[in-house]
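Number of protein chains: 2
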Amino acid sequence: MDELLHSVRIQINEKIYIKDPESSNLGKRIIEESIIMIYEMGFESFTFKKLGKRIKSNESSVYRYFENKHKLLLYLTSWYWGWLEYQLVFTTNGMADPVKKLKKTIEILTKSTEEDSAYSHINEVFLNKIVINENSKSYLTQEVDTENKDGYFTIYQRLVKRLSTMITAVNNDFPYSASLASTVLEGSLHQHFLKDHFSSLTDCHENNHPTPYFIQLVFSILQTTPKLPQ
Amino acid sequence: MDELLHSVRIQINEKIYIKDPESSNLGKRIIEESIIMIYEMGFESFTFKKLGKRIKSNESSVYRYFENKHKLLLYLTSWYWGWLEYQLVFTTNGMADPVKKLKKTIEILTKSTEEDSAYSHINEVFLNKIVINENSKSYLTQEVDTENKDGYFTIYQRLVKRLSTMITAVNNDFPYSASLASTVLEGSLHQHFLKDHFSSLTDCHENNHPTPYFIQLVFSILQTTPKLPQ
DNA sequence: ACAATGTAATAGTAATACTATTAACTTTGA
DNA sequence: TCAAAGTTAATAGTATTACTATTACATTGT
């Protein structure tokens, strides 16, 4: 990543945490170790008790930072989407050609994640795997509407809207820019998951990432109105 | 639905249940009421204890049928996909034109669900909502690979393959038939969810279902190779 | 009639999410 | 300088949930 991005701080909705984990050493260790643990054992098996043991503190200390483990998941996924957004905005900022810009955007949003040295306590590769496996659990809940009103999903929504806007910039008459944008973002996570667990349900594999598929998908629908039978 | 479908029994992998819920009155009530309860309170809040109370039996009776609530969810989602598959196969069976057949298939797979009187103890409209909200939780687990080996997801996989085959029948040179098929099935659930909870992230709403969007998406990519910059 | 099988009830255990309270440090300001 | 105030961490819980072991009752087929 570029030097300029080094000092950028990902802003998370303050309602998601009780005490900002970036504000203390223990907080950073909570983030660092929870990413590793959720990556290793999955969100269901992960508990604050286990985390407390691992950071050589205890359960209740973690509760000073996050109300419950669901909020911690919201923090992690928000951070991930915010981090992706920075990369996107930074990389495509000066691009004039809307087609090139959209192509670059899809590349950034669908590729496999690489380590970013700017955030030493966060393993972005593990975090990407967490998002692939757990992201939908962050909003497939009974509380989704109230949490949405509280702005817990704003970063993700902003990212979809950015993509949607770029789609419109390429074809202003296309009526499904929001649906296409959300399909690409969610679909990318899904294809990555299938590649790891249901290889027969995807054409993506180790040396064939989802990126070219989604590029073809998006630009086909933007360049054609298909012929259909009655 | 057509008369012929009335007596068709949806076949579920026998490893998913301990005792076949179709084999007894209590079993059918377990299915019937669990659908209503999960629809009403969500999968997280749903417990066998609450279900036992509701069916005027108790917790342990339910454990005679399902090992745990995750297995019950697998049963319900499997039933749903099996039910969809029957509708698909029955409706498109005699169709000769691959384009018309694919179009009809996408319509069936992406439309909103209507009540099916053939299965009196199953509310298909509620079940469809459950699938929209909970389906991904059935496979986003640590146990996905072993459960997959045990064939817990075969019906869903067969459905994706049917769609994939129909895509290939329209354009034999298209290299992403499996990815496109899985994108449509999962994407349809996602668009239905967004329509209910994140309306700004989709162009689908009450009087504009995902169906025309997905038809345009699929036939565009099958009819065009888009032009891209270098 | 009665054994075999199916169904239900009781009464638990273990693990998890979460909380109340106290103890120990840090900071700050006169 | 040093005690008060504020911050952070540790201890020791409770309530709920998922799940199980055991026993009792009901139904069915020969």
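Read top to bottom, the protein sequences are chains A and B. For the first sequence, the numbering used here begins at 615 and goes up steadily by one. For the second sequence, the numbering used here begins at 615 and goes up steadily by one. All C-beta atoms, glycine included, are put in the ideal place defined by N, C-alpha and C.
Around the C-beta of residue i, are 16 or more other C-beta atoms found within 10 angstroms, so that it is buried, or is it exposed?
i, result
"isoleucine 632 of chain A", "exposed"
"asparagine 672 of chain A", "exposed"
"serine 637 of chain B", "exposed"
"glutamate 748 of chain A", "buried"
"lysine 717 of chain A", "buried"
"glutamate 617 of chain B", "For glutamate 617 of chain B, the predicted structure reports a pLDDT of 48, less than 50, and the residue's modelled location is therefore unreliable. A value from the coordinates is still provided. Classification for glutamate 617 of chain B: exposed."
"threonine 691 of chain A", "buried"
"methionine 651 of chain A", "buried"
"proline 824 of chain A", "buried"
"glutamine 625 of chain B", "exposed"
"glutamine 830 of chain B", "buried"
"glutamate 820 of chain B", "exposed"
"serine 674 of chain A", "exposed"
Out of curiosity, what's the CA-to-CA distance linking residue i and residue j?
i, j, result
"leucine 836 of chain A", "serine 834 of chain B", "8 Å"
"isoleucine 744 of chain A", "tryptophan 697 of chain A", "14 Å"
"glutamate 761 of chain A", "asparagine 707 of chain B", "45 Å"
"glutamate 757 of chain A", "phenylalanine 740 of chain B", "19 Å"
"threonine 661 of chain A", "phenylalanine 660 of chain B", "20 Å"
"arginine 772 of chain B", "alanine 792 of chain B", "11 Å"
"asparagine 822 of chain B", "glutamine 805 of chain B", "11 Å"
"glutamate 729 of chain A", "glutamate 738 of chain A", "5 Å"
"leucine 842 of chain A", "lysine 714 of chain B", "8 Å"
"isoleucine 736 of chain A", "glutamate 658 of chain B", "29 Å"
"serine 734 of chain A", "isoleucine 630 of chain B", "44 Å"
"leucine 586 of chain B", "tyrosine 770 of chain A", "The requested residue 586 of chain B does not occur in the structure, where chain B is confined to residues 615 to 844."
"arginine 678 of chain B", "alanine 732 of chain B", "26 Å"
"methionine 709 of chain A", "asparagine 742 of chain B", "43 Å"
"lysine 763 of chain B", "tyrosine 653 of chain B", "29 Å"
"asparagine 786 of chain A", "proline 712 of chain A", "11 Å"
"aspartate 810 of chain A", "isoleucine 746 of chain A", "10 Å"
"methionine 655 of chain B", "lysine 664 of chain B", "11 Å"
"phenylalanine 680 of chain A", "glutamate 628 of chain A", "11 Å"
"glutamine 844 of chain B", "aspartate 634 of chain A", "44 Å"
"tyrosine 700 of chain B", "isoleucine 649 of chain B", "20 Å"
"phenylalanine 812 of chain A", "aspartate 759 of chain A", "31 Å"
"phenylalanine 767 of chain A", "valine 676 of chain A", "22 Å"
"lysine 775 of chain B", "leucine 808 of chain A", "14 Å"
"threonine 838 of chain A", "asparagine 639 of chain A", "54 Å"
"phenylalanine 704 of chain B", "proline 826 of chain B", "22 Å"
"leucine 803 of chain B", "tryptophan 693 of chain A", "25 Å"
Once the 5 residues before and after residue i are set aside, which same chain residues still bring their CB inside 7 Å of it?
i, result
"arginine 623 of chain A", "none"
"threonine 719 of chain B", "Leu702, Thr706, Leu777, Met780"
"tryptophan 695 of chain A", "Ile769, Tyr770, Leu773"
"glutamate 647 of chain B", "Leu665, Arg668, Ile669"
"proline 840 of chain A", "none"
CB-CB under 6 Å to residue i, same chain, minus the five flanking residues each way: which ones, in chain order?
i, result
"tyrosine 790 of chain A", "none"
"phenylalanine 828 of chain B", "Ile720, Thr724, Val798"
"glycine 765 of chain B", "Asn627"
Whose C-beta lies closer than 8 Å to the C-beta of residue i among residues of the same chain, with five residues either side of it excluded?
i, result
"phenylalanine 788 of chain B", "Ile781, Thr782, Leu794, Ile835, Leu836"
"valine 832 of chain A", "Leu716, Ile720, Ile781, Leu794, Val798"
Just checking, does the stretch 642 to 651 of chain A make contact with the stretch 662 to 671 of chain A on the three C-beta pairs under 8 Å criterion? The answer is yes - the stretch 662 to 671 of chain A touches the stretch 642 to 651 of chain A, with three or more Cβ pairs under 8 Å.
So does the stretch 790 to 807 of chain B actually touch the stretch 716 to 731 of chain B, counting three or more Cβ pairs closer than 8 Å? By the Cβ criterion, the stretch 790 to 807 of chain B is in contact with the stretch 716 to 731 of chain B, since at least three pairs of Cβ atoms, one from each stretch, lie closer than 8 Å.
Check whether the stretch 684 to 704 of chain A and the stretch 745 to 753 of chain A are in contact - that is, three or more C-beta pairs closer than 8 Å. Touching, per the Cβ criterion.
Which residues, in order along the stretch 802 to 828 of chain B, keep a beta-carbon less than 8 Å from a beta-carbon of chain A? Residues are counted here when their Cβ sits less than 8 Å from a Cβ of chain A; for the stretch 802 to 828 of chain B these are His804, Gln805, Phe807, Leu808, His811, Phe812, Ser814, Leu815, Thr816, Asp817, Cys818, Pro824, Tyr827, given in chain order.
In chain order, what residues of the stretch 641 to 660 of chain B put their CB closer than 8 Å to some CB of chain A? So the list reads Met655, Gly656, Glu658, Ser659, given in the order they occur along the chain.
Counting pairs of beta carbons, one from the stretch 809 to 822 of chain A and one from the stretch 777 to 784 of chain A, are three or more of them closer than 8 Å? Between the stretch 809 to 822 of chain A and the stretch 777 to 784 of chain A there are fewer than three C-beta pairs closer than 8 Å, too few to call the two in contact.
Along the stretch 705 to 721 of chain A, where does the CB come closer than 8 Å to a CB of chain B? Name the residues. Those would be Asp711, Val713, Lys714, Lys717, in chain order.
Which residues of the stretch 670 to 689 of chain B have a Cβ closer than 7 Å to any Cβ of chain A? Give them in chain order. Those would be none; no residue qualifies.
Identify each residue in the stretch 743 to 754 of chain B for which the Cβ-Cβ distance to at least one residue of chain A is less than 8 Å, and report them in chain order. So the close ones are Asn747, Glu748, Ser750, Lys751, Tyr753, Leu754.
Residues within the stretch 758 to 786 of chain A neighbouring chain B, beta-carbon criterion of under 9 Å: Result list: Val758, Asp759, Asn762, Phe767, Tyr770, Gln771, Val774, Lys775, Ser778.
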